[in-house]
Structures are given as structure tokens and as C-alpha cells.
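Mapping to our numbering: the sequence shown position 39 is 32, numbers consecutive.
Glycine residues also receive a C-beta, built at the ideal position from the N, C-alpha and C atoms.
Comments concern the structure below.
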Amino acid sequence: MILKTFILSILFFFFFLQSKHVLPSKQKTVLANSQERHILSLERQKQELLQVNKQWDHQFRTMKQFYEKQLAEVKANLHLSERRIIDLEEERHRHPPEKERLQFLDRDRPSQETKETKVLSEALHEMKEENKLLKQKNASLIRKQEHYECEISRLNKALLDVLKKNCSVLGTPSETGDKNSLDDMRTQLEVLKQQVRMARRKPG
């Protein structure tokens, strides 16, 4: 009986030692798993942020090409408009002497040159108005392009800040904060996409 009790005591002591050894081991395993999950989460967020940045870059390039094309067209039209204004003014100044000559020869005959001068004056006025509108459109396009460039620069800076935060800390940063930052960037990306779509539908 005493021997049986002694054996049970030894077994109990042995299991007690085993449990003390296993508990820290389990804690280490849980901690390691938690850190591994966090690292994987950071890596996933990093990849998502890089993908967002790639989309930003694509949208920016699309927008930039669109406005560069618009600016080139407006500048070309502006140049033609200014050239046409010069030609019309030169042509209009050539008509009065001819008009006076014809009126002197035949005062009763309607002067064709007078009509042509009137047409030229009207055309000149229209070209000047078109020239004014083209200059306004050109200025508007430049302002829009500058606005988008500033917006992209701001978004890229915000992205880099989040990436630096995720890469520099592997302890216990706030995953909720990181997720909110990522969601905010996605929202801003959608806003940017919508602005680009609206600009392409209604340029100027």
C-alpha cells in the first residue's frame, strides 16, 4: 500500500513537472503564431498599398496624357485663331481705298467691297471672341493639371508614410489604424478615378 502511494506520488510529481514545461512552450507557440499572423497581415497590407499606388500612377498618367492632348489642341487652335485675326485685319485695311475708288466711279452702285468689309469685320470679331475663349480654356486646363499633380503628390506622400510605418514596426502597431489608412486611400483613389472620368467626358 505504501509502495503504491509512493508510485502515485512520483507519477503526480512527474506530470506536474511536465505541465510546467508544456505551459511556457504553449505560450511561446501562441506568441510566435500571433507575431507570424501580424507579419503576414503587414505584408498583405503592404502589397495592397503598393497596388493602390500602382493604380494611382495609372490614373495620373491617364489624366496627364488627356490634359496634355487638350492643351496641345487648344494651343494649336489659339495659334490659328491669332494668325487668322492678323490676316483679317490686314485684309480689312486693304478695302477702304478700293471702296472709295468704286464709289467715286459709280455712286449709285452698291459697293461689293463695303459688304465684304462688313463681313470681314464680323468675322474678325468672332475670331477675337473665339481667341478669348481659347485663352480661358487654356488657363483652365493648366489649373486643372496643376491641381491633379498636387493631389497625386499628396496621396503618394500619405502612401509612403503608411508603408514606412508598416515596415519599421513589427511589434504591435494598430491594425485598425492601418486598415483605416488603407480604406481612406482606396476612397481617395475612387474619387480621383471619378474626377478623371468626369474630365474626360466634359473637357475644359
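Three-state secondary structure (DSSP) of residue i
| i | result |
| --- | --- |
| residue 165 | Residue confidence for residue 165 is low, a pLDDT of 45 falling below 50, so the modelled location carries little weight and cannot support an answer. |
| residue -5 | In this prediction, residue -5 scores a pLDDT of 49, lower than 50, which makes its location untrustworthy; no coordinate-derived value is stated. |
Given residue i as reference, the closest of the options once Cα atoms are compared
| i | options | result |
| --- | --- | --- |
| residue 118 | 140, 54, 81 | 81 |
| residue 60 | 135, 145, 147, 74 | 135 |
| residue 70 | 84, 128, 50 | 128 |
| residue 79 | 140, 65, 40, 124 | 124 |
| residue 140 | 57, 73, 37 | 57 |
Length of the line joining the Cα atoms of residue i and residue j
| i | j | result |
| --- | --- | --- |
| residue 150 | residue 77 | 47 Å |
| residue 67 | residue 120 | 14 Å |
| residue 133 | residue 55 | 18 Å |
| residue 50 | residue 63 | 20 Å |
| residue 65 | residue 44 | 32 Å |
| residue 83 | residue 126 | 23 Å |
| residue 138 | residue 29 | 44 Å |
| residue 122 | residue 41 | 50 Å |
| residue 73 | residue 116 | 14 Å |
| residue 111 | residue 147 | 54 Å |
Spatial neighbours of residue i in its chain, beta-carbon cut-off 6 Å, leaving aside the 5 residues before and after
| i | result |
| --- | --- |
| residue 53 | 145 |
Spatial neighbours of residue i in its chain, beta-carbon cut-off 8 Å, leaving aside the 5 residues before and after
| i | result |
| --- | --- |
| residue 143 | none |
| residue 36 | none |
| residue 75 | 124 |
Proximity test, residue i beta-carbon vs the ligand ATP heavy atom, cut-off 7 Å
| i | result |
| --- | --- |
| residue 144 | As presented, the structure is devoid of all ligands, the ligand ATP included, so that no description of it is given. |
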